[in-house]
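In this note's numbering, the protein residues as written are 61 to 375.
Ideal Cβ positions, reconstructed from N, Cα and C, are used throughout, including at glycine.
Predicted, not measured: the structure shown is a model, and the values here were computed from it.
Worksheet for the structure shown next.
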């Protein structure tokens with residue numbers, strides 16, 4: 061009967077009182093070794109084991125009230141992104157008019173701009189754009205911030221334009237890092253590895269490289285979108301990382317794309333992100349030697365697609 065009144069295993073102490081349980085009985089059941097535990101002030105978890113992330117998030121929403129919602133890393137986890145073990149606190153948005161204090165594992169942020177919540181299972185969550193920026197505003201690592209923003213963009217859940225608009229309309233507190241990272245990502249990088257690659261390439265002395273642009277045949281047939289492209293010699297540079305392509309099928313698609321480029325005579329140079337990071341001089345030497353090889357052959361009949369708008373499907 062008690063569990064029928066609980067949400068995600070959590071129940072208000074006041075509801076237990078309304079059901080006839082005396083405060084002393086509730087307190088006794090929440091003592092060490094008892095069957096329950098107090099998860100937040102005024103809220104009881106109906107078991108004595110370690111709370112799950114769902115139970116913690118559900119308790120936070122009960123504590124916050126019906127107009128609260130999850131944001132930051134906990135909301136991104138609910139949206140299907142990988143959760144960092146170090147991001148255990150629950151970040152929650154409440155309207156600015158509400159009086160709710162941060163407590164235990166719950167960090168409360170009052171906002172004049174609450175977004176329309178998105179329901180993920182039983183959890184009310186901020187949309188991905190708001191959630192990722194709320195998470196990034198609390199980050200200190202530039203690489204971690206890049207990885208997070210690049211992940212949501214690459215998965216298609218938001219865009220650089222939507223992120224920039226949210227930054228422009230929202231609070232300025234803590235936004236210096238995500239603003240700086242977004243400026244880097246507007247240079248065409250879709251991952252942390254690509255950002256590092258762009259920075260290293262500027263040291264190579266090689267001609268201009270463009271990033272994530274469509275390559276096509278002289279007849280306009282689509283070939284691929286390489287990570288980097290040196291047009292004067294038709295050379296592609298690929299940053300090969302399973303982490304940056306999310307799943308094994310994505311990684312297999314990357315390999316198929318590479319083989320397709322090679323079938324059109326394109327020279328493809330591949331490096332791992334860790335090689336770019338740990339052996340930059342080696343990478344520069346290999347880029348230069350590959351460029352000379354590409355320059356020594358007849359350039360294949362391929363080109364950059366001039367129109368950057370999405371291709372229309374064939375009728």
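When the distance is taken between beta carbons, is residue 151 closer than 8 Å to residue 176? No. Outside cutoff.
Examine the Cβ distances between the stretch 318-336 and the stretch 235-243 and report whether three or more of them are shorter than 8 Å. For the pair of segments examined, the stretch 318-336 was found not to touch the stretch 235-243: the number of CB pairs separated by less than 8 Å stays below three.
Alpha-carbon to alpha-carbon, residue 347 and residue 138: Straight-line measurement puts the Cα of residue 347 at about 41 Å from the Cα of residue 138.
3-residue-minimum beta strand (DSSP E) runs that sit fully inside the stretch 279-346, ordered along the chain: Within the stretch 279-346, the complete beta strand (DSSP E) runs of at least 3 residues are 282-284, 288-290, 295-299 and 327-331.
Could you give the residue range of the alpha helix (DSSP H) that holds residue 78? Run containing residue 78: 73-78, per the alpha helix (DSSP H) assignment.
Note down the Cα distance separating residue 213 from residue 64, rounded to an integer number of angstroms. Straight-line Cα distance between these residues: approximately 40 Å.
Residue interval of the beta strand (DSSP E) (run including residue 213): Taken as a continuous stretch (DSSP letters only), residue 213 belongs to no beta strand (DSSP E), being part of the alpha helix (DSSP H) at 202-215.
Classify residue 315 as buried or exposed, calling it buried when 16 or more other Cβ atoms lie within 10 Å of its own Cβ. So residue 315 counts as exposed.
With residue 155 as the anchor, note down where its beta strand (DSSP E) starts and where it stops. First-last of the beta strand (DSSP E) with residue 155: 150-155.
Straight-line Cα distance separating residue 296 from residue 338: Their backbone Cα atoms lie some 21 Å apart in a straight line.
Using the C-alpha atoms, what's the distance from residue 89 back to residue 61? Cα to Cα, the separation comes out at about 16 Å.
Which runs of the beta strand (DSSP E) at least 3 residues long sit entirely within the stretch 87-115? Give them in chain order. Secondary structure in the stretch 87-115: the beta strand (DSSP E) runs of 3 residues or longer, each lying completely within the stretch, are 97-100 and 103-105 in chain order.
Counting only the same chain and skipping the five closest in sequence on each side, list residues whose C-beta sits under 6 Å from that of residue 317. Only 284 meet the Cβ criterion.
Other residues of its chain near residue 373: CB distance less than 7 Å, five sequence neighbours each side excluded: Confidence in residue 373 is poor, its pLDDT being 46 and thus under 50, which makes the residue's placement unreliable; the coordinate value appears in the next sentence. For residue 373, where only same-chain residues beyond five positions count, there are no Cβ hits under 7 Å.
Residue 110 versus residue 207: straight-line alpha-carbon distance, rounded: It is roughly 30 Å from the alpha-carbon of residue 110 to the alpha-carbon of residue 207.
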